[in-house]
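Asks:
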Amino acid sequence: MARRTISLHSAYANAPHGWTLSSAQERGDQVGTIQRRPATPSSRPTVKRTKTEEETSSPRDYLFLPDEILLQIIDHLRTDKWTDGYAKARKQCDLNAFSRVNRQWNSIATSFLYDSPYLEGPNYDLFTRTLCPSINLNIRKSPLSSFVKELDLSLLVHQGSKSTTARLLGRTKGSLTSFLAPQASFSLNCFPALSKCQHLEKLDLTLVSEASSLKTLFDTVSNLQALKELHLPRSSGFVATIDPATITWPVKLAILGLSGGLNTRFWCGTFHFPASLDEISITHCPKFDDFCLSAFLETLMHHDECHFFRMEFAHLPLLREDSLNLVLQALPSLHSLSVSVDYVTPEVLNPPGVKADGEAREYLNEGDEYYSGSEHDRREELDASSVVADRTIKARRRKKKKKCRSFLKLETLELTDSGERDNTEKIEALDVLMYADDFGMVPKLRDVIVARSLGWRNEDVSDDADALHDWLVDNGESMGITDHDLLGLKVVW
Numbered sequence: 145m146a147r148r149t150i151s152l153h154s155a156y157a158n159a160p161h162g163w164t165l166s167s168a169q170e171r172g173d174q175v176g177t178i179q180r181r182p183a184t185p186s187s188r189p190t191v192k193r194t195k196t197e198e199e200t201s202s203p204r205d206y207l208f209l210p211d212e213i214l215l216q217i218i219d220h221l222r223t224d225k226w227t228d229g230y231a232k233a234r235k236q237c238d239l240n241a242f243s244r245v246n247r248q249w250n251s252i253a254t255s256f257l258y259d260s261p262y263l264e265g266p267n268y269d270l271f272t273r274t275l276c277p278s279i280n281l282n283i284r285k286s287p288l289s290s291f292v293k294e295l296d297l298s299l300l301v302h303q304g305s306k307s308t309t310a311r312l313l314g315r316t317k318g319s320l321t322s323f324l325a326p327q328a329s330f331s332l333n334c335f336p337a338l339s340k341c342q343h344l345e346k347l348d349l350t351l352v353s354e355a356s357s358l359k360t361l362f363d364t365v366s367n368l369q370a371l372k373e374l375h376l377p378r379s380s381g382f383v384a385t386i387d388p389a390t391i392t393w394p395v396k397l398a399i400l401g402l403s404g405g406l407n408t409r410f411w412c413g414t415f416h417f418p419a420s421l422d423e424i425s426i427t428h429c430p431k432f433d434d435f436c437l438s439a440f441l442e443t444l445m446h447h448d449e450c451h452f453f454r455m456e457f458a459h460l461p462l463l464r465e466d467s468l469n470l471v472l473q474a475l476p477s478l479h480s481l482s483v484s485v486d487y488v489t490p491e492v493l494n495p496p497g498v499k500a501d502g503e504a505r506e507y508l509n510e511g512d513e514y515y516s517g518s519e520h521d522r523r524e525e526l527d528a529s530s531v532v533a534d535r536t537i538k539a540r541r542r543k544k545k546k547k548c549r550s551f552l553k554l555e556t557l558e559l560t561d562s563g564e565r566d567n568t569e570k571i572e573a574l575d576v577l578m579y580a581d582d583f584g585m586v587p588k589l590r591d592v593i594v595a596r597s598l599g600w601r602n603e604d605v606s607d608d609a610d611a612l613h614d615w616l617v618d619n620g621e622s623m624g625i626t627d628h629d630l631l632g633l634k635v636v637w
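Structural data, given as structure tokens:
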């Protein structure tokens with residue numbers, strides 16, 4: 145048997161990558177390996193060609209391009225630069241084609257191809273065989289594994305196995321910064337490999353279905369010193385009997401997603417959150433009721449070390465239709481609030497105790513002026529001649545002195561819809577506009593995102609939505625924000 149003259153890993157690095165998507169995937173075909181040219185000559189009869197045809201169709205050597213130009217070409221494939229649905233799958237197809245031009249292009253594209261692979265269906269098995277060709281100790285390491293920084297296995301359902309997931313984590317532990325766990329092939333035997341990923345910044349276990357001990361999970365993540373984002377499993381079957389006072393949180397944790405079967409003991413316990421934590425989401429918690437909500441908000445209110453800027457609430461079936469109306473009263477410093485309309489009414493923007501008065505000076509920003517006067521007082525401040533000359537609402541806002549009635553710092557409001565209840569007319573655009581403009585309760589609001597199912601773009605209320613959009617843009621521009629992607633009303637989903 146002839147001996148291999150080059151290593152298996154070098155062959156993978158220098159040859160087209162068989163696990164990537166073929167160009168047929170862009171046309172909607174099934175995932176497959178790269179199509180190869182048949183070795184046998186074509187059976188088509190040969191036709192005598194003229195000299196001119198031979199000169200124009202003869203193969204030419206590829207012109208050399210500097211590496212810097214090739215890197216510029218690859219930079220145009222970044223998914224965050226495109227808004228027309230250019231997704232990771234298409235990017236992978238393009239990188240695959242890029243790597244097949246010649247050896248130089250392949251060398252440049254390889255690191256980008258493995259940086260954040262799109263893994264779905266049959267190509268996952270090919271990918272794992274590339275990074276983990278064997279369990280043999282002599283060829284355990286693969287040079288390609290050092291290129292993998294983001295490992296997203298969320299699209300896998302029954303592909304792979306738990307041992308394969310553990311091996312992938314073990315091979316990529318030196319470079320991995322983001323990991324999204326699969327639904328069925330992540331279990332207890334993956335935790336030892338996960339604990340060695342010291343560069344991991346994001347860990348999303350949302351889809352994991354197999355019940356495991358939360359104590360084991362928290363013991364594992366406590367050793368990840370670089371971890372900034374953590375999302376717990378949604379599965380209600382997770383063993384949730386744990387005292388939060390015993391949890392050692394990662395020191396750099398900034399985003400925490402709480403979900404699953406967390407019980408009353410957890411929500412009513414004592415939390416020692418790190419000072420870096422500024423965003424918490426509570427979603428898919430079937431045991432989270434009004435009592436748990438009150439206890440947890442009370443904990444956050446008296447947590448002096450953390451300054452929470454964003455909260456999210458969704459899919460909490462035990463909450464009442466107005467349970468979250470007081471969330472801004474408890475956390476007036478929130479900059480962003482994402483909440484399902486199942487649990488709020490328009491009064492969420494008019495919580496008690498947030499109007500500016502002598503007892504609330506600690507919440508005021510330097511240079512801000514707050515008052516609780518009437519609309520008549522505001523109109524008197526405008527010069528009569530200027531009102532006559534500029535009758536538009538926009539001109540009046542530009543000329544009058546900026547004043548507010550509350551010290552709420554809310555800038556972004558996101559209203560989602562779980563689909564479990566009829567929320568069509570529960571909160572309308574006119575409600576938000578009234579509390580923002582007429583009542584001045586959210587003076588810094590500049591961005592509102594709503595679910596399409598709420599019907600804000602229906603013909604009978606579209607004028608209210610347009611008026612709210614204009615107010616948000618004008619209010620954001622008055623605060624010096626010029627990026628219109630951060631301003632206005634957006635209807636999504």
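Count along the sequence shown starting at 1, add 144, and that's the number in the numbering used here. For every residue, glycine included, the Cβ atom is placed at its ideal position computed from N, Cα and C.
How would you write the range of the alpha helix (DSSP H) that Lys232 sits in, first residue to last?
Replies: Position 88 of the sequence shown, counting from 1, holds the residue named residue 232. Residues Lys232 to Ser243.
Asks: Got a sec? Which residues, its chain only, sit under 6 Å from Glu373 by beta carbon, not counting five neighbours each side?
Replies: For this step, residue 373 is matched to residue 229 along the sequence shown. The answer, listed in chain order, is Lys346 and Ile399.
Asks: By the DSSP assignment, the beta strand (DSSP E) with Gly484 in it spans what residues?
Replies: Here residue 484 corresponds to residue number 340 of the sequence shown, with the count starting at 1. Here residue 484 turns out to be Ser, not Gly, going by the sequence shown. From DSSP, the beta strand (DSSP E) with Ser484 extends over Ser480 to Ser484.
Asks: For the alpha helix (DSSP H) holding Cys427, just list the boundary residues, first then last.
Replies: Taking the sequence shown and counting its residues from 1, one reaches residue 427 at position 283. Residue identity check: residue 427 is Thr in the sequence provided, not Cys. Here Thr427 belongs to no alpha helix (DSSP H); instead the beta strand (DSSP E) covers Glu423 to Thr427.
Asks: Which value, in whole angstroms, describes the spacing of the CA atoms of Leu361 and Phe291?
Replies: Position 217 of the sequence shown, counted from the first residue, corresponds to residue 361. Position 147 of the sequence shown, counted from the first residue, corresponds to residue 291. Each residue's Cα considered, the two are about 26 Å apart.
Asks: Using the Cα positions of Leu481 and Val576, report the straight-line distance between them to the nearest angstrom.
Replies: As a working note, residue 481 is residue 337 in the sequence shown. As a working note, residue 576 is residue 432 in the sequence shown. Going from the Cα of Leu481 to the Cα of Val576 covers about 14 Å.
Asks: Can you grab the Cα-Cα spacing for the pair Pro587 / Trp411, in whole Å?
Replies: If you number the sequence shown from 1, residue 587 lands on position 443. If you number the sequence shown from 1, residue 411 lands on position 267. So the two alpha carbons sit approximately 32 Å from each other.
Asks: If Ala337 and Leu313 are in contact, beta carbons under 8 Å, what's the gap, nearest whole angstrom?
Replies: In the sequence shown, counting from the first residue as 1, residue 337 sits at position 193. In the sequence shown, counting from the first residue as 1, residue 313 sits at position 169. 4 Å between Cβ atoms; contact.
Asks: Just how far apart, CA to CA, sit Glu621 and Gln248?
Replies: Here residue 621 refers to the residue found at position 477 of the sequence shown. Here residue 248 refers to the residue found at position 104 of the sequence shown. Taking the straight line from one Cα to the other gives about 48 Å.
Asks: Where does Leu218 fall in DSSP's three states?
Replies: As a first step, residue 218 is located in the sequence shown; it is residue number 74 there, counting from the start. According to the sequence provided, residue 218 is Ile. The question's Leu does not apply to it. Residue state, collapsed to three classes: helix.
Asks: Out of Arg234, Asn267, Thr390 and Asp486, which one is the CA nearest neighbour of Gly563?
Replies: On the sequence shown, residue 563 is found 419 positions in, with the first residue counted as 1. If we check each option's Cα against that of Gly563, Asp486 comes out closest.
Asks: Under the three-state reduction of DSSP, which class applies to Leu463: helix, strand or coil?
Replies: Counting from one through the sequence shown, the residue named residue 463 turns up at place 319. Three-state result, Leu463: coil.
Asks: What number of angstroms, rounded off, separates the C-alpha of Tyr507 from the C-alpha of Ala474?
Replies: Position 363 of the sequence shown, counted from the start, is the residue given in the question as residue 507. Position 330 of the sequence shown, counted from the start, is the residue given in the question as residue 474. The pLDDT assigned to Tyr507 is 49, lower than 50, so where the model puts this residue is not dependable, and the model offers no usable value.
Asks: Are the Cβ atoms of Met585 and Asn469 separated by less than 8 Å?
Replies: What you label residue 585 is simply residue 441 of the sequence shown in a count that begins at 1. What you label residue 469 is simply residue 325 of the sequence shown in a count that begins at 1. For Met585 and Asn469, no; Cβs fall outside 8 Å.
Asks: Let me check understanding here. Comparing Cα to Cα, which of Ser251, Gln236 and Thr489 lies closest to Asn567?
Replies: Along the sequence shown, one-based indexing puts residue 567 at 423. The residue with the shortest Cα to Cα distance from Asn567 is Thr489.
Asks: Between Glu569 and the rest of its own chain, which residues show a CB-CB distance below 7 Å, the 5 nearest in sequence each way excluded?
Replies: Position 425 of the sequence shown, counted from the start, is the residue given in the question as residue 569. Hits under 7 Å: none found.
Asks: Tell me the residue span of the alpha helix (DSSP H) that contains Met445.
Replies: Numbered from 1 along the sequence shown, position 301 holds the residue referred to as residue 445. Met445 -> alpha helix (DSSP H) spans Asp434 to Met445.
Asks: Give, in chain order, every unbroken run of the beta strand (DSSP E) that is at least 3 residues long and sits entirely within the segment 364 to 427.
Replies: Complete beta strand (DSSP E) runs here, min 3: 373 to 375, 399 to 402 and 423 to 427.
Asks: How should Lys538 be labelled, buried or exposed, when 16 other C-beta atoms within 10 angstroms of its C-beta is the threshold for buried?
Replies: By one-based count along the sequence shown, residue 538 stands at place 394. Residue placement at Lys538 is flagged as unreliable, the pLDDT there being 46, under the threshold of 50; the coordinate-derived value follows with that caveat. Looking at its Cβ environment, which holds fewer than 16 other Cβ atoms inside 10 Å, Lys538 is exposed.
Asks: Can you look up Lys454 in the DSSP assignment and give me helix, strand or coil?
Replies: Reading the sequence shown from its first residue, position 310 is the one you call residue 454. Note that residue 454 corresponds to Arg in the displayed sequence, not to Lys. Here Arg454 sits in strand by DSSP.
Asks: Once the 5 residues before and after Leu371 are set aside, which same chain residues still bring their CB inside 8 Å of it?
Replies: Translated into the one-based positions of the sequence shown, residue 371 becomes position 227. Taken in chain order, the residues that qualify are Leu344, Glu345, Lys346, Leu347, Val365, Pro394, Lys396 and Leu397.
Asks: For Thr560, which option in Cys429, Pro476, Glu456 and Val471 has the closest C-alpha, if you only look at C-alpha atoms?
Replies: For the purposes of this step, residue 560 is taken as the residue at position 416 of the sequence shown. Closest option to Thr560, Cα to Cα, is Glu456.
Asks: Pick out whichever of Val483, Leu616 and Ile218 has its Cα sitting closest to the Cα of Asp259.
Replies: Translated into the one-based positions of the sequence shown, residue 259 becomes position 115. Nearest of Val483, Leu616 and Ile218 to Asp259, Cα basis: Ile218.
Asks: Just tell me which of Gly318, Ser477, Ser319 and Ser357 has its CA closest to the CA of Phe335.
Replies: Position 191 of the sequence shown, counting from 1, holds the residue named residue 335. Among Gly318, Ser477, Ser319 and Ser357, the Cα nearest to that of Phe335 is on Ser357.
Asks: In whole angstroms, what separates the C-alpha of His613 from that of Ser467?
Replies: For the purposes of this step, residue 613 is identified with residue 469 of the sequence shown, where counting begins at 1. For the purposes of this step, residue 467 is identified with residue 323 of the sequence shown, where counting begins at 1. If I take the Cα positions, the gap works out to 27 Å.
Asks: Taking the runs of the alpha helix (DSSP H) that are 4 residues or longer, which of them lie wholly in the segment 289 to 341?
Replies: The qualifying runs are 306 to 315 and 335 to 338.
Asks: Alpha carbon to alpha carbon, what distance is there between Pro277 and Glu354?
Replies: Indexing the sequence shown from 1 puts residue 354 at position 210. Indexing the sequence shown from 1 puts residue 277 at position 133. Spanning the two alpha carbons is a distance of roughly 27 Å.
Asks: Taking DSSP as the reference, what is the three-state secondary structure of Asp591?
Replies: The residue you call residue 591 lines up with position 447 of the sequence shown. Looking at Asp591 - three-state DSSP - the assignment turns out to be strand.
Asks: Indicate, with yes or no, if the ligand MN has a heavy atom lying under 7 Å from the CB of Leu275.
Replies: This structure simply doesn't include the ligand MN, nor any ligand for that matter.
Asks: Using a Cβ-Cβ cutoff of less than 8 Å, which residues in the same chain neighbour Leu239 once the five nearest sequence positions on both sides are dropped?
Replies: Taking the first residue of the sequence shown as position 1, residue 239 is located at position 95. Within the same chain, Leu239 has close Cβ partners Thr164, Ile218, Leu221, Ala253, Phe256 and Leu257.
Asks: Quick one: using the 10 Å Cβ neighbour count with 16 as the cut-off for buried, is Gln216 buried or exposed?
Replies: Taking the sequence shown and counting its residues from 1, the one referred to as residue 216 is at position 72. Its Cβ having fewer than 16 others within 10 Å, Gln216 is exposed.
Asks: Use the C-beta contact count for Ser289: other C-beta atoms within 10 angstroms, 16 or more gives buried, fewer gives exposed.
Replies: By 1-based counting over the sequence shown, the position of residue 289 is 145. Ser289 should be labelled buried.
Asks: Hey, out of Arg315, Phe242, Ser329 and Lys293, whose CA is closest to Gln303's CA?
Replies: Position 159 of the sequence shown, counting from 1, holds the residue named residue 303. Among Arg315, Phe242, Ser329 and Lys293, the Cα nearest to that of Gln303 belongs to Ser329.
Asks: Is it buried or exposed, Val483, if we count other Cβ atoms within 10 angstroms and call 16 or more buried?
Replies: The sequence position of residue 483 within the sequence shown is 339, counting from 1. Buried, since its Cβ has 16 or more Cβ neighbours within 10 Å.
Asks: Short of 6 Å in beta carbon distance, which residues of its chain neighbour Lys546, apart from the five on each side in sequence? Order them along the chain.
Replies: Along the sequence shown, read from residue 1 onward, the residue named residue 546 stands at position 402. Unreliable positioning characterises Lys546 in this predicted model, as indicated by a pLDDT of 48, which lies under 50. A coordinate reading is not provided.
Asks: Based on the DSSP output, what are the partners of Val635 in its beta bridges?
Replies: Sequence index remark: in the sequence shown, residue 635 carries index 491 (1-based). Paired residues: Val594.
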